[in-house]
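Have a look at the structure below, then the notes.
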């Protein structure tokens, strides 16, 4: 991550040095206002949480005897001002649509919960944020 | 004012042999990016990212903004901050450590002042707070 200049007018670039997978522009307005084309720490965390939860859920469905065809996971992270603490990450919401064989709605609800408990990132972010999961089955 | 940030992932197949794609993010700044279990746990992940690499990018950028702000408020606006974050993931245990390293070009500030500002940013940036359950978060700070 390279940052040049002040917080409000400066800009940064986040580079994935371990995989070389991305190089992204970042600045303050991208965190607190909607700014197309520029990412933010919270958007990167949303991608991390959606990715972490997807792998966790894929593992749990297999463990429950199901077969994953496709999982669509959307994560929404909320940054808000908390009185006396400044800006804090207060919520992460996961929305899941699953196509899997050998699993009914009740079974999915169960594994969706277990996957949340087993997801590294869910466990971490609960230090400052609430985590919620909504899961539904799509017919295959 | 609350700000919401969104990302969507598609996963196909089981954990070990399947793979996923970060299809899109709300800003459109990136995606699609490939993710896989191997990219999380093995070296040389061949262009595939992982949740831990994204967390590293999030933490490095959040810390940089907090440090930039703290320095400027104390009258020492930085010219440039170069930050890296190394996230350690142990399968079965989770994320055990985040190591931040920052080199700064800050006119009018000595090393001790820079280190103190970096410690403060590490304690208080929103991503550090959100990752408060990580057993060890360190910062190595020096003027460039």
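Residue numbers (the working numbering), protein chains in the order written: chain F, 1 to 140; chain C, 1001 to 1144.
We treat Cβ as the ideally placed atom computed from N, Cα and C, and that holds for glycine.
>> For residue 1122/C, would you say it is in contact with chain F, using Cβ-to-Cβ distances shorter than 8 Å as the test?
In response: no
> Among the residues of its own chain, which have a CB less than 6 Å from the CB of residue 76/F, if the five just before and after it don't count?
Replying inline: Around residue 76/F, the same chain offers 93 as residues with beta carbons nearer than 6 Å, after the five sequence neighbours per side are excluded.
>> Please list the terminal residues of the continuous beta strand (DSSP E) segment that includes residue 1016/C.
In response: That residue, residue 1016/C, is in no beta strand (DSSP E); it is neither H nor E in DSSP.
> the stretch 67-78 of chain F: which residues have C-beta closer than 9 Å to a C-beta of chain C, in chain order?
Replying inline: 67, 68, 69, 70, 71, 72, 73, 74, 75, 76, 77 and 78
> How long is the line joining the alpha carbons of residue 1009/C and residue 1048/C, rounded to whole angstroms?
Replying inline: 14 Å
> Exposed or buried, what is residue 1105/C when buried is set at 16 or more other beta-carbons lying within 10 Å of its beta-carbon?
Replying inline: exposed
>> Here's the rule: buried if 16 or more other CB atoms are within 10 angstroms of the residue's CB, otherwise exposed. What is residue 1135/C?
In response: exposed
> Looking at C-alpha atoms only, which residue of 1022/C, 1075/C and 1120/C is the closest neighbour of residue 1107/C?
Replying inline: 1075/C
> Taking the alpha-carbon positions, what's the residue 42/F to residue 1079/C distance?
Replying inline: 24 Å
> Is the stretch 111-118 of chain F in contact with the stretch 50-62 of chain F, if contact means three or more CB pairs nearer than 8 Å?
Replying inline: yes
>> Closest to residue 1081/C by C-alpha separation, out of 1037/C, 1124/C, 1011/C and 1070/C, would be which residue?
In response: 1070/C
> What number of angstroms, rounded off, separates the C-alpha of residue 106/F from the C-alpha of residue 1022/C?
Replying inline: 27 Å
> According to DSSP, is residue 15/F helix, strand or coil?
Replying inline: strand
> residue 1089/C by DSSP, collapsed to three states: which one?
Replying inline: strand
>> Taking the straight line between their C-alpha atoms, what separation do you get for residue 12/F and residue 1004/C?
In response: 20 Å
> On the three-state DSSP scale, how would you describe residue 86/F?
Replying inline: Three-state DSSP puts residue 86/F in a strand.
> Where does residue 1052/C land, buried or exposed, given buried means 16+ other C-beta within 10 angstroms?
Replying inline: Of the residues assessed, residue 1052/C falls on the buried side of the cut-off, its CB having 16 or more other CB atoms within 10 angstroms.
> Of the residues 103/F, 33/F, 137/F and 21/F, which one's Cα is nearest the Cα of residue 1031/C?
Replying inline: 21/F
> Would you call the stretch 85-102 of chain F and the stretch 1096-1104 of chain C in contact, with 3 or more CB pairs under 8 Å?
Replying inline: no
> Roughly how many angstroms lie between the CA atoms of residue 1028/C and residue 1042/C, to the nearest whole one?
Replying inline: Each residue's Cα considered, the two are about 28 Å apart.
> Which chain F residues are close to residue 1143/C, counting only those with a beta carbon under 9 Å from its beta carbon?
Replying inline: Result: empty, since nearest Cβ-Cβ is about 15 Å, beyond 9 Å.
>> On the CB-based measure, 16 or more other CB atoms within 10 Å of its CB, does residue 1090/C come out buried or exposed?
In response: exposed
>> Among 45/F, 104/F and 30/F, whose alpha-carbon lies nearest the alpha-carbon of residue 65/F?
In response: 104/F
> Which residues bound the alpha helix (DSSP H) around residue 1042/C?
Replying inline: Note, residue 1042/C: premise wrong, no alpha helix (DSSP H); not H, not E.
> Closest to residue 84/F by CA distance: which of 1026/C, 1036/C and 1124/C is it?
Replying inline: 1124/C
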